[in-house]
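See below for the structure under consideration.
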Amino acid sequence: MSRNMIAMAVLAVLTMGALATSAGAHPKLTSVSPVADVSSKVAPREIKLNFSEGVIAKLSGLELKEEAGNTIATGTPLNDPRNRKLLIVPLAAPLTAGRYKVSWHAVSEDTHRVKGEYSFEVAR
3 MSRNMIAMAV LAVLTMGALA TSAGAHPKLT SVSPVADVSS KVAPREIKLN FSEGVIAKLS
63 GLELKEEAGN TIATGTPLND PRNRKLLIVP LAAPLTAGRY KVSWHAVSED THRVKGEYSF
123 EVAR
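Heads up: take any position in the sequence shown, counting from 1, add 2, and you land on the working numbering.
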């Protein structure tokens, strides 16, 4: 085998390894506020989603629904200026007592898309 063929084979193996590593790297939701499946007496003013990697606020967001399935208005999603892993979605108005469902979607800085949902409750 010539040196060029060996160098090309090594380069091909390294490239495949790098592609396999980056292809599996999707942002994961690491924490939420209000906390999932917890009842709180304090109505939140915003919803915070914390991810394992930075997300693009303009391409990310959520839909908030109350128990009857009606959509609750939210503000424009934004990143915490000190932490691009944190997506903050302000609420347009205070929430009343009841159970709420959050359906979220996020696009990471390397353009991987993820989505999920969780629920929380504001105590009566």
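Glycine included, C-beta positions come from ideal geometry on N, C-alpha and C.
Closest by C-alpha distance to residue i, when choosing among the options
| i | options | result |
| --- | --- | --- |
| residue 65 | 43, 57 and 92 | 92 |
| residue 42 | 57, 54 and 98 | 98 |
| residue 96 | 114, 77 and 119 | 77 |
| residue 51 | 32, 112 and 111 | 32 |
| residue 44 | 100, 118, 113 and 114 | 100 |
| residue 94 | 40, 48, 34 and 55 | 48 |
Contact belief for residue i with residue j at Cβ below 8 Å, rounded distance in angstroms
| i | j | result |
| --- | --- | --- |
| residue 63 | residue 46 | Their Cβ separation, rounded to whole angstroms, is 16 Å, which puts residue 63 and residue 46 out of contact at 8 Å. |
| residue 29 | residue 116 | 6 Å |
| residue 109 | residue 58 | 5 Å |
| residue 68 | residue 102 | 6 Å |
Start-to-end residues for the beta strand (DSSP E) that takes in residue i
| i | result |
| --- | --- |
| residue 82 | 80-82 |
| residue 1 | Nothing can be reported for residue 1: it is not among the residues displayed for the chain, which extend from 3 to 126. |
| residue 109 | 100-109 |
| residue 32 | 31-35 |
| residue 92 | 85-92 |
| residue 50 | 48-53 |
Burial state of residue i (16 or more Cβ within 10 Å)
| i | result |
| --- | --- |
| residue 38 | exposed |
| residue 61 | exposed |
| residue 36 | buried |
| residue 23 | Reliability fails at residue 23, whose pLDDT of 41 lies under 50, so the model's placement of it is uncertain and the value that follows must be treated cautiously. So residue 23 ends up on the exposed side. |
| residue 25 | Since pLDDT at residue 25 reaches only 48, below the 50 mark, its modelled position is unreliable, and the value read off the structure follows with that caveat. By the 10 Å Cβ count, residue 25 comes out exposed. |
Proximity test, Cβ basis, 8 Å: residue i and chain E
| i | result |
| --- | --- |
| residue 30 | You won't find chain E in this structure, because it holds only one protein chain. |
Check your understanding: If we count Cβ pairs, one from each stretch, closer than 8 Å, do we get three or more for the region 71-90 versus the region 116-124?
Key -> The region 71-90 makes no contact with the region 116-124; the number of CB pairs closer than 8 Å stays below 3.
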